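Peer 1:
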Amino acid sequence: MLDINFIRQNPDVVKKGIASKNVNPDLVDIFLAIDDKWKKLVKNSEELKAEQKKVGKDNIDKAKKIKIEIQELENLLMEAEIERQKILESLPNLPFNDVPVGKNEDDNIVIREVGAKPEFDFTAKDHLELGENLNLIEFEIGAKVSGSGFYYLKNEAVLLEFGLIRYVFDILKEEGFEILITPDLARKKFYTGTGYLPKGPEAQIYEIKDVDLGLIATSEITLAGIHSDEILEKDDLPKKYAGFSHCFRMESGGYGKYSKGLYRVNQFSKVEMYIYCLPEESEKFHKHLLDIEEKIFKSLIIPYQVLEMCAGDLGNQAAKKYDLEAWMPGRGAWGEITSTSNTTDFQARRLNIKYRENNKKSNFVHTLNGTAIALPRVIIAILENYQQKDGSVLMPEVLQKYLGFNKISR
RNA sequence: GGAAGCGUGCCAGAGCGGUUGAAUGGGCCGCACUCGAAAUGCGGUAUGCCGAAAACGGCAUCGGAGGUUCGAAUCCUCCCGCUUCCGCCA
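In terms of the numbering used here, the first sequence is residues 108 to 517.
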């Protein structure tokens, strides 16, 4: 959510910013018009209430009449308020000035490429074939029991998932994160609060019938919720959390040739990093998150490239965002494996997360998120990059002590 | 899942229909006392919004959302959370 005062004072800056995210800049004028109307209604109704209070002490009949007037005004005020809030919540966060200009993912910038792509003297298989041959992944039973988009991991793939999680948690503890396993379900106010229902209701969240709960799409939701409606002490910042959860996404509709397999699924495991910090430090911590992501993939020896997202591909909440894409030989293309965003005070304002220094005035914190490890996609990358001519798959060296084996073969 | 109780400011804790944004104590911040400190005394100590250049004025907020009333922290309904007892389970 943007700062109302900032919009009032800098309408042109806001227009320019949201236009760069492909959002209609006229929304700003529409917002200001309704905001103006709202202000007038507030003034009128507050004056009447003050009158009512005064009069009620010695003239109850007159106060009763005022009450009726107030009710009429309050109805109008409520309408204006809902409309105003709706527009406000539809405005995306503004991109930083140094974010590349661009319309969509085609305009993202490759900052660097790290690691050498493997060269095979045989025809590389994709993870589907490897998974089947090595008895690691079962899609058909997943579809039978839970529907398409669900799968069972089997045998070494199970151990690989747990080994990766353990490995990553060791790194994150070292980097000063508090490690957590979060709930897989959260109340609606949280999965809307972090903006995961941006366009219309229930876009990609599974909701539980008859209760105010939905399956989270990422533990960003549960991590951001930890300090909602709190005022943190300045000295306690930054707060760095790394949370494991299962993630659930409906992903209804097709995504073409990459729909098959583990790349886009309805349920997966993920460790997410989340930082609450002082506004002046968020750019520093964004770099920190990107560094950790790169450290993980460097150590796993998986070739990747770092992308800086252009304004048009930033999404609703981010002021700046980097993705890591791993090389996936099975498709002969890069595939997204992490994403880290600086959401500045956009989430904090919506979730009401502030900090205060001694008795000074409080202010909104900045929040950042980044993928530490999204399991299925990393499993794809490992299977495909580490495959051998004989059909077996070697394990990254750093994982071996977590796995208890160094190779998967039949 | 059933029953009962509870939810007030940074904390503890009063208030249970009307000058109560909220007694009292603690904490914290000033000031005084002191060579300095402790103790003591005095003063201050919420947030959001609207209006004002400002001083300041107004409105809202006592878990959340509604309702009753001229008026609600106080009465009613629903929801959330906590505690205790019973049931059930890993």
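Cβ atoms here follow ideal geometry from the backbone N, Cα and C, with glycine treated the same way.
Since the model is a prediction, treat every value here as computed from it, not as a measurement.
Who are the near neighbours of K174 in its chain, counting only those whose CB is closer than 8 angstroms to its CB and skipping five residues on each side?
Peer 2: Here residue 174 refers to the residue found at position 67 when the first sequence is read from its first residue. Excluding residues within five positions, the ones whose Cβ falls inside 8 angstroms are Q159.
Peer 1: Measure the alpha-carbon distance for E309 versus Q424 and round it to whole angstroms.
Peer 2: Residue mapping note: residue 309 aligns to position 202 of the first sequence, counting from 1. Residue mapping note: residue 424 aligns to position 317 of the first sequence, counting from 1. Low local confidence applies: a pLDDT of 41 at E309 is under 50, so the model's placement there is unreliable, and no value is given.
Peer 1: Rounded to whole angstroms, what's the CA-CA distance from G442 to S376? Just pull it up for me.
Peer 2: Along the first sequence, read from residue 1 onward, the residue named residue 442 stands at position 335. Along the first sequence, read from residue 1 onward, the residue named residue 376 stands at position 269. The straight-line gap from Cα to Cα measures roughly 17 angstroms.
Peer 1: Since K428 is in the beta strand (DSSP E), which residue starts that stretch and which ends it?
Peer 2: Mapped onto the first sequence, residue 428 falls at position 321. Note, K428: beta strand (DSSP E), 427–435.
Peer 1: Would you mind reading off the limits of the beta strand (DSSP E) that contains M380?
Peer 2: Position 273 of the first sequence, counted from the first residue, corresponds to residue 380. 374–384 is the extent of the beta strand (DSSP E) around M380.
Peer 1: What three-state label does DSSP hand G307 in the structure shown?
Peer 2: Within the first sequence, the letter at position 200 stands for residue 307. Only weak support is given to the placement of G307: the predicted model assigns it a pLDDT of 43, under 50, and the question is left unresolved by the model.
Peer 1: Do the CB positions of A331 and F284 come within less than 9 angstroms of each other?
Peer 2: One-based indexing of the first sequence puts residue 331 at position 224. One-based indexing of the first sequence puts residue 284 at position 177. Against a cut-off of 9 angstroms, the Cβ pair of F284 and A331 comes out as no contact.
Peer 1: List the endpoints of the continuous beta strand (DSSP E) containing K461.
Peer 2: Numbered from its first residue, the first sequence carries residue 461 at position 354. Per DSSP, K461 belongs to the beta strand (DSSP E) from 460–463.
Peer 1: F355 lies in the beta strand (DSSP E); which residues open and close that run?
Peer 2: Stepping through the first sequence from its first residue, residue 355 is reached at position 248. From DSSP, the beta strand (DSSP E) with F355 extends over 346–355.
Peer 1: Sort V206, R191, I480 by Cα distance to L109 and report the nearest one.
Peer 2: Counting from 1 along the first sequence, the entry for residue 109 is found at position 2. Ranking V206, R191, I480 by Cα distance to L109 puts R191 first.
Peer 1: Between the region 445–454 and the region 469–481, do three or more beta carbon pairs fall short of 8 angstroms?
Peer 2: Cβ pair count under 8 angstroms is three or more, so yes.
Peer 1: Which runs of the beta strand (DSSP E) at least 3 residues long sit entirely within the region 217–278? Give them in chain order.
Peer 2: Runs of the beta strand (DSSP E) inside the region 217–278: none found.
Peer 1: Per the contact definition of three or more C-beta pairs closer than 8 angstroms, is the region 187–201 in contact with the region 371–391?
Peer 2: As far as the Cβ criterion goes, the region 371–391 does not touch the region 187–201, which means the pair count is below three.
Peer 1: Evaluate contact between the region 382–397 and the region 497–506, counting only Cβ atoms and requiring at least three cross-stretch pairs below 8 angstroms.
Peer 2: Taking 8 angstroms as the limit for Cβ pairs, the verdict is that the region 497–506 does not touch the region 382–397.
Peer 1: Just to confirm my understanding: we take D233, look at its own chain, exclude 5 residues before and 5 after, and list those with CB closer than 6 angstroms. What are they?
Peer 2: Residue mapping note: residue 233 aligns to position 126 of the first sequence, counting from 1. These residues qualify, in order along the chain: G437.
Peer 1: Would you please state the rounded distance, in angstroms, between the beta carbons of E358 and R371? I believe it to be under 8 angstroms.
Peer 2: The residue labelled residue 358 in the question sits at position 251 within the first sequence. The residue labelled residue 371 in the question sits at position 264 within the first sequence. Rounded, the Cβ-Cβ distance is 6 angstroms, consistent with contact.
Peer 1: In the structure shown, what three-state DSSP assignment does L198 receive?
Peer 2: One-based indexing of the first sequence puts residue 198 at position 91. In this structure, L198 counts as coil in the three-state DSSP scheme.
Peer 1: Less than 9 angstroms separating the beta-carbons of L339 and V472?
Peer 2: As a first step, residue 339 must be located in the first sequence, where it is residue number 232. As a first step, residue 472 must be located in the first sequence, where it is residue number 365. Taking 9 angstroms as the Cβ cut-off, L339 and V472 qualify as a contacting pair.
Peer 1: If you compare alpha carbons, which of L506, G511, R517, F512 is closest to L271?
Peer 2: Taking the first residue of the first sequence as 1, we reach residue 271 at position 164. Ranking L506, G511, R517, F512 by Cα distance to L271 puts L506 first.
Peer 1: For I111, does the count of other Cβ atoms within 10 angstroms reach 16, so buried, or fall short, so exposed?
Peer 2: What you label residue 111 is simply residue 4 of the first sequence in a count that begins at 1. The residue is exposed, with fewer than 16 neighbouring Cβ atoms inside 10 Å.
Peer 1: Confirm, please, whether the CB-CB distance from L431 to Q412 is below 9 angstroms.
Peer 2: Here residue 412 corresponds to residue number 305 of the first sequence, with the count starting at 1. Here residue 431 corresponds to residue number 324 of the first sequence, with the count starting at 1. Yes.
Peer 1: Within the continuous alpha helix (DSSP H) that includes V413, where are the two ends?
Peer 2: Against the first sequence, residue 413 aligns to sequence position 306. No alpha helix (DSSP H) holds V413; the beta strand (DSSP E) holding it covers 411–415.
Peer 1: Assuming A481 is part of the beta strand (DSSP E), what are its boundary residues?
Peer 2: As a position in the first sequence, residue 481 is number 374, starting the count at 1. 473–481 is the extent of the beta strand (DSSP E) around A481.
Peer 1: Compare the beta carbon distance of C333 and Y298 with 9 angstroms and say whether it is the shorter of the two.
Peer 2: Taking the first sequence and counting its residues from 1, the one referred to as residue 333 is at position 226. Taking the first sequence and counting its residues from 1, the one referred to as residue 298 is at position 191. Strictly speaking, residue 333 in this sequence is Ile, with Cys absent from that position. Contact: no.
Peer 1: Using only the alpha-carbon positions, how far apart do K496 and T230 sit?
Peer 2: Position 389 of the first sequence, counted from the first residue, corresponds to residue 496. Position 123 of the first sequence, counted from the first residue, corresponds to residue 230. Cα to Cα, K496 sits roughly 8 angstroms from T230.
Peer 1: Can you give me the start and stop residues for the alpha helix (DSSP H) that T325 sits inside?
Peer 2: Locating residue 325 in the first sequence gives position 218, counting from the first residue. Per DSSP, T325 belongs to no alpha helix (DSSP H) and is neither H nor E.
Peer 1: Where does N492 fall in DSSP's three states?
Peer 2: Here residue 492 refers to the residue found at position 385 of the first sequence. N492 falls in the helix class under three-state DSSP.
Peer 1: In the DSSP assignment, find the unbroken alpha helix (DSSP H) run with A157 in it and report its ends.
Peer 2: By one-based count along the first sequence, residue 157 stands at place 50. First-last of the alpha helix (DSSP H) with A157: 133–163.
Peer 1: Mind pulling the beta strand (DSSP E) runs of 3 or more residues that sit fully within the region 169–195?
Peer 2: Fully enclosed beta strand (DSSP E) runs of 3 or longer: not present.
Peer 1: Would you list the residues sitting across from L330 in a DSSP beta bridge?
Peer 2: By 1-based counting over the first sequence, the position of residue 330 is 223. L330 pairs with nothing; no bridge assigned.
Peer 1: Give the straight-line distance between the Cα atoms of L407 and L482, rounded to the nearest whole angstrom.
Peer 2: For the purposes of this step, residue 407 is taken as the residue at position 300 of the first sequence. For the purposes of this step, residue 482 is taken as the residue at position 375 of the first sequence. Their Cα atoms are separated by approximately 13 angstroms.
Peer 1: Look up T289 in the DSSP assignment and give the residues it is bridged to.
Peer 2: The count along the first sequence starts at 1 and reaches residue 289 at position 182. None, per the DSSP bridge assignment.
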